[in-house]
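Structure, as structure tokens:
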Amino acid sequence: MKKTLMQRKSVRVGLLMIAGTSLAALAQTMTMPNLPASVVTAGKKDGSLNTIALPPDWANYGEIISTFEKMYGLNLTNASPNISSAEELQAIRSLKGQKRAPDVVDVGPAFAISGTGEKLFTPYKPSTWASIPADAKDKDGHWVGNYFGVISFGVNKNIIKNVPKTWADLAKPEYKGQVALNGNPLSAQAAFSAVWSAALANGGSLDNIQPGIDFFAKLKKMGNYIPVGATPATVQTGQTPIVADWDYLNLGYSKQFAGKVDWSVVVPNDGVYGSHYATAISATGPNQGAAKLWEEFITSDAGQMLFLKGYAHPIRFNDMVKRGVIPKDVLASLPDAAIYQKVRFATPAQVTKAQDVLKAQWAAKVGQ
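Heads up: the sequence shown is residues -24 to -1, 1 to 344, going by mature numbering (1 follows the signal peptide of the UniProt record, and there is no 0).
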């Protein structure tokens, strides 16, 4: 993903579906979720819902929307599917009092927090609140995380005989000229997050990205890191045989290049770093009941499973694994589920601090 850190992502993930028997297993879970009756009644009474910035082919939102409409009989209007998080908040401000004003938004964590500070959101805690990680929700319910990605290694086994399992492995001489990122970490969220994942693996923390920068400087000096932004084309041609990128993108390549590239996906267990998106209810939206019903649905087991169907990890993934909700063949199509229990999420303040350090040092130490 090549957009700046706080812009909405443009890569289309929703098309990257889990194949074969996994889809059949997922379909069996698409029953009506057991949501609070009062919320369902109020939502149906509104009769409609205004969403914004939900690309139908991103994170499986197309199917999520159609399933929601079918289950509850609401008419959903999805405005401006490809706008940024900042533009979503502006829509709340500028359309206040209008029938077409957004009822819910889907934004990055920084904008979820800034919107809360501006009192743009109605606080609401869905019935699954307790199983949503504390670092992926506002303590008062102004916003909740809905899905996330984790940094992984995508490996072309046609070229790489020994699949690296950790960041430490990437410093081995055998990987010279073979390690790439999805863009420049100064402007691409996936690449930025990969540097942070490397930091966690090398003595850093969510408050200290420096070891990640130093690690990539080491890889660059060794010749292992190549300053080529990974794309589907570079993956298919073998130009970037090892790609540090979001798990849902690397997993998507497995399907996209089936029969052409023997592609393996591993989440490095020494640096499990993730980033999530958040949903929030507009305080001035015209359909408050329907908005709460939407938040209940997408954080329910059924809604969360639909995110997983698009390879975007549901925010309640660990809870669902623990309860045995996710079918075994779906889990088998993903990297080791136990690794996801280690996932770390940064706060917006930590992101800002890390960006400042990266801006000051990346070009001088690494170059690209």
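Note that CB positions come from ideal geometry on N, CA and C, so glycine has one too. The structure presented is a predicted model; accordingly, all values stated were derived computationally and were not measured.
Would you mind stating whether residue i and residue j have Cβ atoms separated by less than 8 Å?
i           : j           : result
residue 242 : residue 128 : yes
residue 26  : residue 62  : no
residue 345 : residue 131 : Shown here, the chain extends from -24 to 344; a query on residue 345 therefore has no answer.
residue 327 : residue 189 : no
residue 274 : residue 68  : no
residue 233 : residue 215 : no
residue 36  : residue 191 : no
residue 50  : residue 21  : no
residue 357 : residue 123 : As shown, the chain starts at -24 and ends at 344. That puts residue 357 outside it, with no answer to give.
residue 16  : residue 48  : yes
residue 219 : residue 156 : yes
In or out: residue i buried (at least 16 other Cβ within 10 Å) or exposed?
i           : result
residue 332 : exposed
residue 340 : exposed
residue 183 : exposed
residue 105 : exposed
residue 336 : exposed
residue 165 : buried
residue 272 : buried
residue 150 : exposed
residue 82  : buried
residue 76  : exposed
residue 8   : exposed
residue 281 : buried
residue 169 : buried
residue 66  : exposed
residue 208 : exposed
residue 304 : exposed
residue 94  : exposed
residue 279 : buried
residue 121 : buried
residue 10  : exposed
residue 70  : exposed
residue 262 : buried
residue 88  : buried
residue 110 : exposed
residue 137 : exposed
residue 221 : buried
residue 251 : buried
residue 226 : buried
What does a CB cutoff of less than 6 Å around residue i pick up in its chain, not counting 5 residues either side in sequence?
i           : result
residue 72  : 260
residue 32  : 38
residue 224 : -12, 125, 287 and 288
residue 205 : 159
residue 18  : 265
residue 277 : 301
residue 187 : 175, 178, 179 and 180
residue 173 : 127, 247 and 249
residue 133 : 238 and 240
residue -1  : For residue -1, the predicted structure reports a pLDDT of 47, less than 50, and the residue's modelled location is therefore unreliable. The matter cannot be settled from this model.
Keeping to the same chain, check which residues put their C-beta closer than 7 Å to that of residue i; ignore five residues upstream and five downstream.
i           : result
residue 315 : 243, 245 and 248
residue 294 : 316 and 317
residue 196 : 342 and 343
residue 176 : 247, 249 and 320
residue 118 : 92, 97, 99 and 256
residue -4  : The predicted position of residue -4 is uncertain, since its pLDDT is 42 and thus under 50; no value can be drawn from it.
residue 139 : 131, 133, 240 and 242
residue 338 : 161, 162 and 189
residue 14  : none
For residue i, which residues of its own chain have a beta-carbon under 8 Å away from its beta-carbon, when the five flanking residues on both sides are left out?
i           : result
residue 153 : 199, 200 and 202
residue 307 : 297 and 313
residue 78  : 26, 27, 28, 55, 64, 67, 68, 71, 258 and 261
I'd like to confirm something about residue i: is its beta-carbon nearer than 7 Å to some heavy atom of the ligand HEM, or not?
i           : result
residue 239 : In the structure on display, the ligand HEM does not appear, and there are no ligands present to speak of.
Indicate whether at least one CB of chain C lies closer than 8 Å to the CB of residue i.
i           : result
residue 268 : Going by chain labels, chain C is absent from the structure shown, which holds only one protein chain.
Whole beta strand (DSSP E) elements within the region 58 to 108, 3-residue minimum: Counting whole runs of 3 or more residues, the region 58 to 108 contains the beta strand (DSSP E) stretches 80 to 83.
Could you pull out every unbroken beta strand (DSSP E) segment of at least 3 residues lying fully inside the region 165 to 229, listed in chain order? If we require 3 residues or more, the beta strand (DSSP E) runs fully inside the region 165 to 229 come out as 218 to 222.
For the region 26 to 57, list the alpha helix (DSSP H) runs that are entirely contained and at least 4 residues long, ordered along the chain. The region 26 to 57 contains, as complete alpha helix (DSSP H) runs of 4+ residues, the segments 37 to 48 (chain order).
Count the C-beta pairs between the region 267 to 282 and the region 89 to 104 that are closer than 8 Å, then say yes if the count reaches three, no if not. Yes, since at least three Cβ pairs between the region 267 to 282 and the region 89 to 104 fall closer than 8 Å, the two stretches touch.
Unbroken beta strand (DSSP E) runs of length 3 or more, entirely within the region 108 to 134: which are they? Entirely contained in the region 108 to 134, the beta strand (DSSP E) runs reaching 3 residues are, in chain order, 120 to 132.
Where in the region 279 to 336 do unbroken runs of the alpha helix (DSSP H), each at least 4 residues long, occur, reported from the N-terminal end onward? Listed in chain order, they are 293 to 298 and 304 to 308.
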